[in-house]
Every structure is written in structure tokens, then in C-alpha cells.
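Trainee:
Number of protein chains: 2
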Amino acid sequence: MFIGEYRHTFDAKNRISLPAKFRKDLGKSVIVTRGLDRCLFIYSKAAWKKETERIAQYPSNGAGRGLARLMLSGASETDVDSAGRVLVPDYLKSFAGLSVKSVVAGVNERVELWDEKAWDAYTATIERDADALAESLNSHS
Amino acid sequence: MFIGEYRHTFDAKNRISLPAKFRKDLGKSVIVTRGLDRCLFIYSKAAWKKETERIAQYPSNGAGRGLARLMLSGASETDVDSAGRVLVPDYLKSFAGLSVKSVVAGVNERVELWDEKAWDAYTATIERDADALAESLNSHS
DNA sequence: CATCTAGGTGGGAATTAGTGGGGCTTAGAA
DNA sequence: TTCTAAGCCCCACTAATTCCCACCTAGATG
Chain X
2 MFIGEYRHTF
12 DAKNRISLPA
22 KFRKDLGKSV
32 IVTRGLDRCL
42 FIYSKAAWKK
52 ETERIAQYPS
62 NGAGRGLARL
72 MLSGASETDV
82 DSAGRVLVPD
92 YLKSFAGLSV
102 KSVVAGVNER
112 VELWDEKAWD
122 AYTATIERDA
132 DALAESLNSH
142 S
Chain E
2 MFIGEYRHTF
12 DAKNRISLPA
22 KFRKDLGKSV
32 IVTRGLDRCL
42 FIYSKAAWKK
52 ETERIAQYPS
62 NGAGRGLARL
72 MLSGASETDV
82 DSAGRVLVPD
92 YLKSFAGLSV
102 KSVVAGVNER
112 VELWDEKAWD
122 AYTATIERDA
132 DALAESLNSH
142 S
């Protein structure tokens, strides 16, 4: 279970260090993928396996194939180096609009990677609308 | 399991190199064939065998016969050379609109080969609709 | 307050991957 | 048979990746 928010920076070689608190649970090899809301998801190998099983259930029509392609081809398995860093490919960096300053956030089963500006803007709106969002969730049940 | 997106180029002899990460799982001999959505599929021999079994299950109506012809008649078995490259016949290159810059994408059991422009256009539309598609798929469960 | 330690960052060097091309060999056409 | 074209094997160059080591800062400790 990952919790907390950390501000780290990309170096010239597209590496970013994972918070020390996350390293044990993530293991020595992680999968970075496209996430929702323009951020990246980082999974441990075990969590990723569960994710692929979900993807395999997608319908075999055009939309299902497209999403499967996006999630699978967008994934990248990388080893964590001896300093606790992972390598993020260019196409994932540009997908999430990552430049240098980034936020690494723990969200339960997964770790998320955000551009710092996008994170600040996103959390600001969520904080503002939190009460309303909570209401809409409760009204469903 | 193949994942990730790589940009490689065809040389003057119609060869393209496979990403180093895929080579072990693909083996020394691969099958290249026509795929869906105007791209080519590349299978290892083992994965191709399973694929032919699936194709044999297609209904014996016009659509099933058509798909079976597409996959089977277009198939080409080639060895991977010492530098990790495969040879793609002209008729397959022109089917997928491949010129020089291409994308090699890992999608679970198979590897896909796309023209770079076509890939960028395709992923752009999927990305745009991704959040909505994900919502509609999840609402089924 | 000085020192020590752990976590985050930067960068050099060795290795590997991607690409280009020469030339031999085989197959098919004239 | 001979000529031609395509496939295949090998070598070579360059750029990217990976591995490793060193520094630096902040917080903890005595």
C-alpha cells in the first residue's frame, strides 16, 4: 500500500528516483504505463499481472483492441537501478507532459507520476470540489 | 509477453531490427503476416501455432473465410539475422503502408509493425477517447 | 554544535543496440 | 549455360543505454 507525495526531478538521462519508502514494495523490476488523467502509473510486477488479466478481458472489437494496444504498447518494464531510480521512455514522458520537476504519489495499489504543475492544478480543483464529489458518490448507493 | 513501443527504420534491403527486449521471446525464426487496422503482426513460432488454431475456429461464412485468408495467405516465415533483424516482403510492406520510419509495438502475445505516421494518428485518436472508452468498459462489470 | 548516515542527484566509462553496407550464394529467367 | 536479381552472412561504425562510483544536502544522533 503506497501513500504520500514526493517531489523528485528527472535527470538528463530520463531517470527519476523512487521514494525510498516505495522501493521495497515495488521490487527490483517495475512497469510504467499510461494512466488516466494524463499521468503515468507505476506497478510492481505482481500488480501489473493483475492489470494485464483485466486488459485481456476487453472485447475484441475496434475499441477494445485500441485500448489494449494503448495500455500494452504504452507499458515499459524497467529495472530499478542501484540508486533506486527508474528509466522513463520519451513517449511516456511526453504523454504525461513531464518535464523536470515531477510528483511521485502513492495511491493504494499503484504509484503515480505527475508533472508538478499538472499535479498542483489537479489537486487544487479536487480540493475545491471535494464536498460535491463526495455527495455524488454517496448518491449512487 | 511483449510490451513497449520502439521506433526503428527500414534499411535499403527491407530489413528492420527487432527491439532487443523482444528477441529472446520471439526466437530465431518468426512469422510476419497481415494484421488488423493496417499493421503487420509478428509472432514467435509457438504463438503462431496457437493463432492458426484460433483461425481454424472461425465460422465458415464469408467473413470468417476472408479473415482466415488475410492471416494465412499473407504469412511469411523468416529467420532473424545475427543483428536481430527480419526481412519484410514488399507485399506486406505495401499492405501496411510502411515506408522507412516504423513503430514496433509489443501487444501481449504478438508484436505489431506500424508506419510511424499511421501509428501516431491512430494512438492520438485512441488517447483522446481513452477515458470515455475505459469508463464504458468498466461499467459492464 | 559537530558528526554521521541515508536518500537524492549528477556524470564518466564500458557495453550493447541499431544501422549501413560489402560480397558470396542461390534461384529463376533468358 | 549464363546472366540477373534477391536473399543471406558477416563485418564495421556510431549512438544510446547501463552500470557504477562520487558528491551533496538534510535530518538524525550524540
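First to last, the protein sequences are chains X and E.
The first sequence lines up with residues 2 to 142 when you count with the working numbering.
The second sequence lines up with residues 2 to 142 when you count with the working numbering.
Cβ atoms here follow ideal geometry from the backbone N, Cα and C, with glycine treated the same way.
#1: Using the three-state DSSP reduction, which class does Asp80(E) fall into: helix, strand or coil?
#2: Return the residue from the list Ser140(X), Met2(X), Ala21(X) and Leu93(X) that minimises the CA-CA distance to Val81(X).
#3: Step through the CB atoms of chain E and report whether any lies within less than 8 angstroms of the CB of Arg66(X).
#4: Using a Cβ-Cβ cutoff of less than 8 angstroms, which residues in the same chain neighbour Ser142(E) once the five nearest sequence positions on both sides are dropped?
#5: Under 8 angstroms between beta-carbons, which chain E residues line up against Ala69(X)? List them in chain order, please.
#6: Out of Leu41(X), Val108(X), Glu136(X) and Leu19(X), which has the shortest C-alpha to C-alpha gap to Gly83(X)?
#7: Give a yes or no on whether 8 angstroms exceeds the smallest Cβ distance from Tyr92(X) to chain E.
#8: Please report the straight-line C-alpha distance between Ser30(X) and Asp130(E), rounded to a whole angstrom.
#9: Give a yes or no on whether the minimum CB-CB distance between Ser77(X) and chain E is below 8 angstroms.
#10: Check whether the Cβ of Glu117(E) lies closer than 8 angstroms to any Cβ atom in chain X.
#11: So with CB distances below 7 angstroms, who are the chain E contacts of Leu73(X)?
#12: Name the chain E residues whose beta carbon is nearer than 8 angstroms to that of Leu41(X)?
#13: Leu37(X) versus chain E: which residues are under 7 angstroms apart at the beta carbon?
#14: Check Leu73(X) in the structure and name its three-state DSSP category.
#15: Within 10 angstroms of the Cβ of Ser95(X), are there 16 or more other Cβ atoms? Answer buried if so, exposed if not.
#16: Identify whether Arg39(X) lies in helix, strand or coil by the three-state DSSP scheme.
#17: So, is Tyr44(X) buried or exposed, given that buried needs 16 or more other C-beta atoms within 10 angstroms?
#18: Could you check the C-alpha separation between Asp143(E) and Arg66(E) for me, to the nearest Å?
#19: Any Cβ of chain X within less than 8 angstroms of the Cβ of Ile127(E)?
#20: Three-state secondary structure (DSSP) at Ser142(E)?
#21: Per the DSSP calculation, Gly5(X) is bridged to which residue(s)?
Mentor: Looking at the coordinates:
#1: strand
#2: Ala21(X)
#3: yes
#4: Bear in mind that the predicted position of Ser142(E) carries a pLDDT of just 45, short of 50, making it unreliable; the figure below should be weighed with that in mind. Answer for Ser142(E): no residue qualifies.
#5: Val108 and Asn109
#6: Note that residue 83(X) is Ser in the sequence shown here, rather than Gly. Ranking Leu41(X), Val108(X), Glu136(X) and Leu19(X) by Cα distance to Ser83(X) puts Leu19(X) first.
#7: yes
#8: 30 angstroms
#9: yes
#10: no
#11: Ile4, Gly107, Val108 and Asn109
#12: What Leu41(X) touches in chain E: nothing, since even the nearest Cβ is about 13 angstroms away.
#13: Asp132 and Ala135
#14: helix
#15: exposed
#16: coil
#17: buried
#18: This structure cannot settle anything about residue 143(E), because the visible part of chain E is limited to 2 through 142.
#19: yes
#20: Confidence is the limiting factor: at Ser142(E) the pLDDT is only 45, short of 50, which leaves the residue's position unreliable, though a coordinate-based value still follows. Correct three-state label for Ser142(E): coil.
#21: Gly107(X)
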